[in-house]
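A.B. asks:
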Amino acid sequence: MRTLIFDTDIGVDDAFALACAARTQNILGITTVFGNVEVGQAVKNARLFCDKMAIDAPVYRGCSRPLALAATSPAKLHGEDGLGDAFENSWSDSAPGAVQFIIDSVRAQPHEITLVAIGPLTNIASAINQAPDIIPLVKELVMMGGAFGTDGHAGNVTPFSEFNIWKDPHAADQVLASMLPVVILPLDVTHKVLITGKEVCQLNQPVLSAICRLYLAHSQQKEGFNGMALHDTLTLSYLCQPDAFQVVNAPVRVITEGISRGQTVRRVTSLASRENPFAGCRAQTLCLGVDAEAVRAHFFATLQA
Ligand code: BDR
Ligand code: CA
Numbered sequence: 000m001r002t003l004i005f006d007t008d009i010g011v012d013d014a015f016a017l018a019c020a021a022r023t024q025n026i027l028g029i030t031t032v033f034g035n036v037e038v039g040q041a042v043k044n045a046r047l048f049c050d051k052m053a054i055d056a057p058v059y060r061g062c063s064r065p066l067a068l069a070a071t072s073p074a075k076l077h078g079e080d081g082l083g084d085a086f087e088n089s090w091s092d093s094a095p096g097a098v099q100f101i102i103d104s105v106r107a108q109p110h111e112i113t114l115v116a117i118g119p120l121t122n123i124a125s126a127i128n129q130a131p132d133i134i135p136l137v138k139e140l141v142m143m144g145g146a147f148g149t150d151g152h153a154g155n156v157t158p159f160s161e162f163n164i165w166k167d168p169h170a171a172d173q174v175l176a177s178m179l180p181v182v183i184l185p186l187d188v189t190h191k192v193l194i195t196g197k198e199v200c201q202l203n204q205p206v207l208s209a210i211c212r213l214y215l216a217h218s219q220q221k222e223g224f225n226g227m228a229l230h231d232t233l234t235l236s237y238l239c240q241p242d243a244f245q246v247v248n249a250p251v252r253v254i255t256e257g258i259s260r261g262q263t264v265r266r267v268t269s270l271a272s273r274e275n276p277f278a279g280c281r282a283q284t285l286c287l288g289v290d291a292e293a294v295r296a297h298f299f300a301t302l303q304a
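First residue of the sequence shown: 0, per numbering that gives the first Met the number 0; consecutive thereafter.
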């Protein structure tokens, strides 16, 4: 069991991931960030979801906008409130600062803390920018984001870019090009692990069923599929069953400008080039293949009530 700081822009699949984390790991704190929702809404959602699911973890308020880009409005895919507009939410949106919490926690427990990040990487980038001394003290960062084109799994916001990276490409590039050890769960694997609406009902978890109703209706209307990709929960799948993933080790960077803004690129050539944007970047662990049935089976076993 790892000690986690769980960094999230909490929408529907983030909430599923949080439920899995609570059942399999020790959550030191939940740090929130803008993304699926505004950061204040993310604070409220984290509190609401923890209350409904009996998860005991403190909530922190993180960054409200990207490092360098203008703020963009939240996606409405997860409902107006990010949790499928299923519940009244009167929780407060004020909370202690997330970035300082990350810095203080990593310093206090060197080499012990796993960061799980399932939204834009703005809090993580801010923490390592403000306190570079924590970089060698983080056990690992396990993140959902990016897309590398395996079997046609490229972007979901643009043909190049996945949502979490697209929202703050500068933060993602700074994190991935740093010396932090990162495990990346991109769309290449998350799009391969799907659950149906019927399977959500079979979990016998009324809160999870309620929050994904709108999301599933949207998917049915848009894709003709009453189901969803598990996306963010794959970070927990990796922690619980790393052997279910096929990985490559390569330095990864992010395009921050132009038509492919937000695209994640890995070094694929060993040929010498005149310029090398990967120089000095460590090889990260990139998941490009997954045993979807093994991950699904573990997901059901973890969450079934
Ligand atoms: C990512 O985008 C968000 O909407 C999901 O929560 C997930 O983190 C998938 O691209
Ligand atoms: Ca997310």
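Even for Gly, the Cβ is constructed at its ideal location relative to N, Cα and C.
Fair warning: this is a prediction, and the values are worked out from it, not measured in the lab.
I need the boundaries of the alpha helix (DSSP H) containing Cys280, first residue and last residue.
C.D. replies: Taken as a continuous stretch (DSSP letters only), Cys280 belongs to no alpha helix (DSSP H), as it is neither H nor E.
A.B. asks: Around the C-beta of Asn248, are 16 or more other C-beta atoms found within 10 angstroms, so that it is buried, or is it exposed?
C.D. replies: It is exposed - the Cβ of Asn248 has fewer than 16 other Cβ atoms within 10 Å.
A.B. asks: Is the Cβ of Ala14 closer than 7 Å to any Cβ of chain B?
C.D. replies: The structure shown contains no chain B; it is built from a single protein chain.
A.B. asks: Going by the beta-carbon positions, is the gap between Thr113 and Leu3 smaller than 7 Å?
C.D. replies: In contact: Thr113 and Leu3 (Cβ atoms closer than 7 Å).
A.B. asks: With three or more C-beta pairs closer than 8 Å as the rule, is the stretch 104 to 121 touching the stretch 33 to 50?
C.D. replies: Cβ pair count under 8 Å is three or more, so yes.
A.B. asks: Sorry if obvious, but does the Cβ on Gly231 come closer than 6 Å to a heavy atom of ligand 1?
C.D. replies: The sequence shown places Asp at residue 231, not Gly. Yes, since a heavy atom of ligand 1 falls inside the 6 Å radius drawn around the Cβ of Asp231.
A.B. asks: Is Ile117 near ligand 2 - that is, is its Cβ less than 6 Å away from at least one heavy atom of it?
C.D. replies: Checking the Cβ of Ile117 against ligand 2 gives yes.
A.B. asks: Pull up the DSSP beta-bridge partners for Tyr59, would you.
C.D. replies: For Tyr59, which the question treats as bridged, DSSP gives the partners Thr30.
A.B. asks: By Cβ distance, which residues of its chain are closer than 7 Å to Ala176, with the 5 residues on each side in sequence left out?
C.D. replies: The residues are Arg252 and Cys280.
A.B. asks: I believe Ala146 touches Leu186 by the beta-carbon criterion, under 8 Å. Please report the beta-carbon distance rounded to the nearest angstrom.
C.D. replies: Contact holds; Cβ gap of about 4 Å.
A.B. asks: Which runs of the alpha helix (DSSP H) at least 4 residues long sit entirely within the stretch 153 to 190? Give them in chain order.
C.D. replies: Those alpha helix (DSSP H) runs which fall completely within the stretch 153 to 190 and span 4+ residues are 162 to 166, 168 to 175 and 186 to 189.
A.B. asks: If I measure Cβ to Cβ from Arg64 and keep anything under 7 Å in the same chain, skipping five residues before and after, which residues do I get?
C.D. replies: Correct list, in chain order: Phe33 and Ala70.
A.B. asks: Quick one: using the 10 Å Cβ neighbour count with 16 as the cut-off for buried, is Lys43 buried or exposed?
C.D. replies: Buried, by the Cβ-count rule.
A.B. asks: When burial is assigned at 16 or more other CB atoms within 10 Å of the CB, is Ile258 buried or exposed?
C.D. replies: Classification for Ile258: exposed.
A.B. asks: Let's see if you can read the secondary structure: which residues bound the alpha helix (DSSP H) around Thr2?
C.D. replies: That residue, Thr2, is in no alpha helix (DSSP H); its beta strand (DSSP E) goes Thr2 to Thr7.
A.B. asks: I need the boundaries of the beta strand (DSSP E) containing Asn248, first residue and last residue.
C.D. replies: Element bounds for Asn248: Phe244 to Ala249.
A.B. asks: Pair every Cβ in the stretch 207 to 216 with every Cβ in the stretch 256 to 274, then say whether three or more of these pairs are closer than 8 Å.
C.D. replies: Short answer: they don't touch.
A.B. asks: Quick check on the DSSP output: the alpha helix (DSSP H) that includes Ala21 runs from which residue to which?
C.D. replies: Unbroken alpha helix (DSSP H) run through Ala21: Val11 to Thr23.
A.B. asks: Comparing the CB of Gly10 with every heavy atom of ligand 1, is any distance shorter than 6 Å?
C.D. replies: True, at least one ligand heavy atom lies under 6 Å from that Cβ.
A.B. asks: So Val38 packs on Gly10, CB below 8 Å; how close in whole Å?
C.D. replies: Val38 to Gly10, Cβ: 13 Å. No contact.
A.B. asks: What do you get for Gln40, buried or exposed, if any count of 16 or more other CB atoms within 10 angstroms of its CB means buried?
C.D. replies: Buried, since its Cβ has 16 or more Cβ neighbours within 10 Å.
A.B. asks: Grab the span of the alpha helix (DSSP H) containing Gly196 for me, first residue to last.
C.D. replies: Its alpha helix (DSSP H) spans residues Gly196 to Gln201.
A.B. asks: For the alpha helix (DSSP H) containing Val98, list its first residue and its last residue.
C.D. replies: It spans Ala97 to Ala107 - the alpha helix (DSSP H) in which Val98 sits, taken as one unbroken run.
A.B. asks: Report yes if the C-beta distance between Gly83 and Ile210 is below 7 Å; otherwise report no.
C.D. replies: Contact flag set, yes.
A.B. asks: How about the stretch 94 to 104 and the stretch 160 to 178: do they share at least three Cβ pairs that are nearer than 8 Å?
C.D. replies: No, the stretch 94 to 104 is not in contact with the stretch 160 to 178.
A.B. asks: Please report the distance separating the alpha-carbon of Gly154 from that of Ile29.
C.D. replies: The alpha-carbon atoms of Gly154 and Ile29 are separated by roughly 27 Å.
A.B. asks: Is Glu161 near ligand 1, going by C-beta to nearest heavy atom under 6 Å?
C.D. replies: Result yes, Cβ under 6 Å from ligand 1.
A.B. asks: Using CA atoms only, rank isn't needed, just tell me which of Ser125, Val58 and Gln204 is closest to Ser93.
C.D. replies: If we check each option's Cα against that of Ser93, Val58 comes out closest.
A.B. asks: Using only the alpha-carbon positions, how far apart do Gln219 and Cys239 sit?
C.D. replies: Approximately 30 Å between the Cα atoms of the pair.
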